[in-house]
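To start, the structure itself, in structure tokens.
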Amino acid sequence: MSTNAQLRLDDKDYSLPVIRGTEGEKAIDTRKLRADTGYIAYDQGYGNTGSCESAITYLDGDNGVLRHRGYPIEQLAEHSNFGETAYLVIYGELPNATQRKQFGDLLRQHAAIDPQMQAILQGFPKDAPPMAMLSSLVAALAAYYPQLATNNFEADLKNFDLAAAIAISKIRTLAAMIYRYQNGLPYIPPKDVPFCDNFLQMMFSELYKDYVPTAEVSRALNTLLLLHADHEQNCSTSTVRMVGSSAANLFTSLSAGICALSGPLHGGANTAVVQMLQSIHDEHDDGTRFIAAAKSGSKSNRLMGFGHAVYKNFDPRAKIIAKACDDVLDKLGINDPLLAIAKNLEQAALKDDYFLSRKLYPNVDFYSGIIMRAIGIPVNMFTVMFAIGRSPGWIANWREVAANPKGRIYRPRQIYCGPVKRDYVPMAQRA
Ligand code: SDX
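Okay, so the sequence shown: first residue is 317 according to this note's numbering, each after it adds one.
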């Protein structure tokens with residue numbers, strides 16, 4: 317295997333080092349390309365460019381492989397839960413009993429939102445997009461915990477464990493608080509119960525009648541959040557790293573990640589999938605007409621929940637969620653017509669050359685909304701659920717940036733394609 321890449325430019329020969337990851341991934345190290353050759357590499361959207369070396373998540377898009385710190389997602393989905401997987405993603409090892417208890421205790425100690433922060437919510441219109449409210453409130457954490465958000469890597473790393481637990485726990489509680497506010501319901505304080513059960517009781521309890529989730533619902537939510545915990549250098553995670561590379565604190569960087577996730581091509585897809593399924597249902601289509609339109613190639617007719625920038629095979633999370641869908645709806649005795657439509661779409665697409673030739677398969681968002689509907693989570697909260705699940709991955713990536721002694725601020729270059737040099741034209745001489 318080559319240890320160097322040979323490059324010939326303008327009659328000069330260059331040798332660029334090759335980097336290889338622990339799973340055999342190969343990269344040409346172009347860090348000196350511009351200094352040595354005067355050329356930059358150009359890769360719109362960075363689809364073929366590595367921005368960092370990371371030890372958190374390994375993806376093999378061609379073979380549908382996803383591992384967190386070496387553990388296959390299938391095994392974590394079967395044996396772990398969100399809290400344990402969050403610890404693994406952040407700290408790199410499965411926690412022992414003491415570590416797991418300490419982490420859980422920190423999450424519970426910091427679950428509540430203080431009244432002054434609750435008051436911020438009153439400043440938003442009730443029908444404001446939940447992700448806009450969440451990103452604003454998470455950014456506000458830097459104002460409420462300035463000692464954890466000094467914008468100094470060394471100081472903020474010293475307080476990392478506390479800041480990380482506050483971030484994960486508060487993002488979950490803020491999500492429930494936003495739901496309550498949007499529905500004209502009072503804030504429900506957290507209880508001394510497990511993470512996901514606490515979220516559900518803060519969403520659905522009334523002030524005096526406690527909501528206690530069934531074991532099936534609690535398990536389904538743990539699995540759903542766990543499956544979203546991290547996913548390599550996706551759009552929102554790269555955004556967290558980009559913002560964190562300026563030495564911005566954890567809360568500020570997470571707020572930027574939430575903004576990136578809100579886009580329909582990224583985390584907003586789970587909402588778009590259910591809206592797509594609902595419109596197919598309302599038009600009494602079994603999906604056949606929609607599939608035909610989705611092959612038009614227009615971005616507005618896309619089969620949402622299908623396709624992926626990395627997976628050119630099944631997204632392993634989609635397979636796990638599809639099975640969990642059947643289990644949860646069966647156990648809850650729910651017959652959701654949207655699930656039948658989703659299955660029709662999947663079966664039709666997986667036999668259609670348009671999708672097969674473009675390697676378009678179901679991704680994590682294709683079935684996740686069906687489970688959230690079954691749990692009672694409204695469509696406009698689906699992407700917020702994705703943010704709760706992704707918070708450990710964002711936090712782990714921020715920490716890699718902050719702790720990297722050789723780290724630099726992220727500052728990509730460009731190819732300028734605007735007007736060449738020209739002189740100022742006084743107003744009187746303009747057309
Ligand atoms: C997530 O990066 C991550 O890891 C993200 C994520 C995570 O965990 O963080 O996995 C979460 O964001 C999952 C993706 C959710 N988004 C959607 O489901 C939206 C629908 N999917 C597409 O918009 C699209 O597939 C993307 C954005 C996901 C990926 O886009 P690519 O890889 O840049 O593909 P592309 O836009 O270049 O399209 C390639 C071809 C085009 O056709 P041609 O021009 O070759 O004729 O495939 C077509 C596209 O028109 N195409 C689709 C399609 N997706 C791509 N056609 C119909 N339906 C689709 N869904």
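We put the beta carbon where it would ideally sit given N, CA and C, even for glycine. All figures in this text were calculated on a predicted structure; none of them were measured in a lab.
| Check | Outcome |
| --- | --- |
| Less than 8 Å separating the beta-carbons of M701 and Y495? | no |
| Consider the C-beta atom of R557 and the heavy atoms of ligand 1; say whether any pair is separated by less than 7 Å. | no |
| Which class does S370 belong to by DSSP, given the choice of helix, strand or coil? | coil |
| According to the neighbour-count rule (16 or more other Cβ atoms, all chains shown, within 10 Å of its Cβ), is S331 buried or exposed? | exposed |
| For E339, collect the residues of the same chain with a Cβ closer than 7 Å to its Cβ; drop the 5 residues on either side in sequence, then sort them by chain order. | Y374 |
| Below 8 Å between beta carbons: does that hold for L570 and A428? | no |
| Pick out whichever of R729, H544, P742 has its Cα sitting closest to the Cα of S367. | R729 |
| Quick one: is E662 buried, meaning 16 or more other Cβ sit within 10 Å of its Cβ, or exposed? | buried |
| Hey, V695 and T587: beta-carbon distance below 8 Å or not? | yes |
| How is S556 classed by DSSP in three states: helix, strand or coil? | For the sequence presented, residue 556 should be read as Val rather than Ser. Note: V556 maps to helix in three-state DSSP. |
| Could you pull out every residue in the same chain whose Cβ sits closer than 7 Å to the Cβ of R738, ignoring the five residues on either side in sequence? | none |
| Helix or strand or just coil, what does DSSP make of Y495? | helix |
| Could you give the C-beta distance for L450 and I574, rounded to a whole number, given that I count them as a contact under 8 Å? | 6 Å |
| By the three-class DSSP mapping on this structure, what secondary structure does L332 have? | strand |
| From this set, G709, R706, V644, M743, which residue's C-alpha is nearest T530's C-alpha? | V644 |
| Taking the CB atoms as reference points, tell me whether P632 and V381 lie closer together than 8 Å. | yes |
| Output needed for M620: all residues of its chain with C-beta closer than 6 Å, excluding positions within five of it in sequence on either side, in chain order. | A585, A588, V589, M592 |
| Using three-state DSSP, classify D681 as helix, strand or coil. | helix |
| So L473 packs on A719, CB below 8 Å; how close in whole Å? | 6 Å |
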